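Novice: Numbered by the numbering used here, the letters in the sequence shown go through residues 2 to 265 in order.
Dumping the structure here so I can ask a few things about it.
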Amino acid sequence: MPGGSSEDLNIALELADIADRITLSRFLASDLVVETKPDLTPVSEADTAVERAIRELLAELRPGDSVVGEEYGDSNASDSSRRWIIDPIDGTKSYVRGIPLWATLLALQEDGEGTVAVVSAPALQRRWWASAGNGAFVTDGLSSEPRRLRVSAISTLADSHLSYADLVDWGAIGRLDAALELLEACWRARSLGDFWAYMLLAEGAIEISLDPAASLWDLAAPQLIIEEAGGRFTDLGGVRTADGGDAIATNGLVHDAALAIIGR
Numbered sequence: 002m003p004g005g006s007s008e009d010l011n012i013a014l015e016l017a018d019i020a021d022r023i024t025l026s027r028f029l030a031s032d033l034v035v036e037t038k039p040d041l042t043p044v045s046e047a048d049t050a051v052e053r054a055i056r057e058l059l060a061e062l063r064p065g066d067s068v069v070g071e072e073y074g075d076s077n078a079s080d081s082s083r084r085w086i087i088d089p090i091d092g093t094k095s096y097v098r099g100i101p102l103w104a105t106l107l108a109l110q111e112d113g114e115g116t117v118a119v120v121s122a123p124a125l126q127r128r129w130w131a132s133a134g135n136g137a138f139v140t141d142g143l144s145s146e147p148r149r150l151r152v153s154a155i156s157t158l159a160d161s162h163l164s165y166a167d168l169v170d171w172g173a174i175g176r177l178d179a180a181l182e183l184l185e186a187c188w189r190a191r192s193l194g195d196f197w198a199y200m201l202l203a204e205g206a207i208e209i210s211l212d213p214a215a216s217l218w219d220l221a222a223p224q225l226i227i228e229e230a231g232g233r234f235t236d237l238g239g240v241r242t243a244d245g246g247d248a249i250a251t252n253g254l255v256h257d258a259a260l261a262i263i264g265r
């Protein structure tokens, strides 16, 4: 198997099972504890509990690997070529308001390249995963067997469905006019948000997902899943990366046309 081993993928799926049990047990809880981080974004007790549980199991199963997560930072295992990336709850703002659009995102990078990725959204009864060179898949409540993911074959902006994130964030990076121009060039535009837009793109339901502000843990897992589904994932400068800042993901066929409008 190229990249991450089947054992690594099995570990990632086991970590997602643990995360699902924690997040579902506290979702819609009337006594859920929510605090505000220094960047003024919310963090719930479930966010921190998930990341702690994942780190504990990784320390047992992969003690030599580096770990970086949204809530507890980098493990500083700088001599390791393998790095696990954790977003315990992508979509915390939805989670704390009782909206079921949230997921745990897990990725493994080896020498900077994504090799394993899992996105698990238990409130939607969906889980997506990929390993490098072996394709991307989804399980859901609609079918008993995993479905292989494939991006759409739409080749023009005029026929494309786009997700654009928060317009306020586009204004904050000075790209609001460009974002609106791209929205107008597409067949349909909606702000679907967070992991959900990326996974719909991998499923072939939409063609473009834009993110004006994102971090490594938001992007690492979606990048591998989208690429294994046949799509393309870059920053707004056209560089293939999940390191954070901003991002654009497409089915590949409309990537250059979208970048010509929204790129920097």
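Think of the CB as a built atom: it goes at the ideal place given N, C-alpha and C, for glycine as much as any other residue.
Note that the structure is a prediction, hence the values are computed from the model and not measured.
1. Determine, using beta-carbon pairs with one atom in the segment 245–264 and one in the segment 195–211, whether at least three such pairs fall under 8 Å.
2. With Gly115 as the anchor, note down where its beta strand (DSSP E) starts and where it stops.
3. Leaving out five residues before and five after Asp167 in sequence, what residues of the same chain have Cβ atoms less than 7 Å from its Cβ?
4. In terms of residues, what are the limits of the beta strand (DSSP E) holding Gly172?
5. Pull up the CB-CB distance for Ala104 and Ile55, whole angstroms please, since I reckon it's below 8 Å.
6. DSSP three-state call for Glu185: helix, strand or coil?
7. Decide if the segment 94–111 is in contact with the segment 32–43; the criterion is three or more beta carbon pairs, one per stretch, under 8 Å apart.
8. Buried or exposed: where does Val169 fall if 16 or more other Cβ atoms within 10 Å of its Cβ makes it buried?
9. Counting along the chain, where does the alpha helix (DSSP H) carrying Ser82 start and finish?
10. May I have the straight-line CA-CA distance separating Glu71 from Leu143, to the nearest angstrom?
11. Are the CB atoms of Cys187 and Leu225 nearer to each other than 8 Å?
12. Roughly how many angstroms separate the alpha carbons of Asp91 and Leu106, rounded to a whole number?
13. So which of Gly246, Arg149 and Leu125 has the shortest CA-CA distance to Gly136?
14. Is it true that the CB of Pro147 sits closer than 8 Å to the CB of Thr125?
15. Are the beta-carbon atoms belonging to Gly264 and Gly245 less than 8 Å from one another?
16. Which residues in the same chain as Asp160 place their Cβ atom closer than 6 Å to its Cβ, once the five residues preceding and following it in sequence are excluded?
17. What three-state label does DSSP hand Gln224 in the structure shown?
18. Comparing C-alpha positions only, which one of Ala118, His162, Ile227 and Asp219 sits nearest to Glu8?
19. Classify Val51 as helix, strand or coil using the three-state DSSP reduction.
20. Which term fits Pro64, buried or exposed, when burial requires 16 or more other beta carbons within 10 angstroms of its beta carbon?
Specialist: Put simply:
1. These segments touch.
2. If you look at Gly115, you'll find it in the beta strand (DSSP E) that goes Glu114 to Ala122.
3. Sequence-distant Cβ neighbours of Asp167 in its own chain, meaning closer than 7 Å and more than five residues away, are Ser192.
4. Per DSSP, Gly172 belongs to no beta strand (DSSP E); it is in the alpha helix (DSSP H), Leu168 to Ala173.
5. Contact flag wrong, Cβ pair sits at about 14 Å.
6. Looking at Glu185 - three-state DSSP - the assignment turns out to be helix.
7. The segment 94–111 vs the segment 32–43: in contact.
8. An exposed status is given to Val169, since fewer than 16 other beta-carbon atoms sit within 10 Å of its beta-carbon.
9. Looking at the DSSP string, Ser82 is not in any alpha helix (DSSP H), and its letter there is neither H nor E.
10. Rounded to the nearest whole angstrom, the CA to CA distance from Glu71 to Leu143 is 32 Å.
11. No, the Cβ-Cβ distance between Cys187 and Leu225 is not below 8 Å.
12. Counting only the Cα atoms, Leu106 lies some 7 Å from Asp91.
13. Gly136 has its Cα closest to that of Arg149, out of Gly246, Arg149 and Leu125.
14. The amino acid at residue 125 is misidentified as Thr; the sequence shows Leu. Between Leu125 and Pro147, the CB-CB gap reaches or exceeds 8 Å.
15. Contact: no.
16. Here the set comprises Trp188.
17. Judged by DSSP in its simplified three-state form, Gln224 adopts helix.
18. When only C-alpha atoms are compared, the closest one is Ala118.
19. Taken through DSSP and simplified to helix, strand or coil, Val51 comes out as helix.
20. Label assigned to Pro64: exposed.
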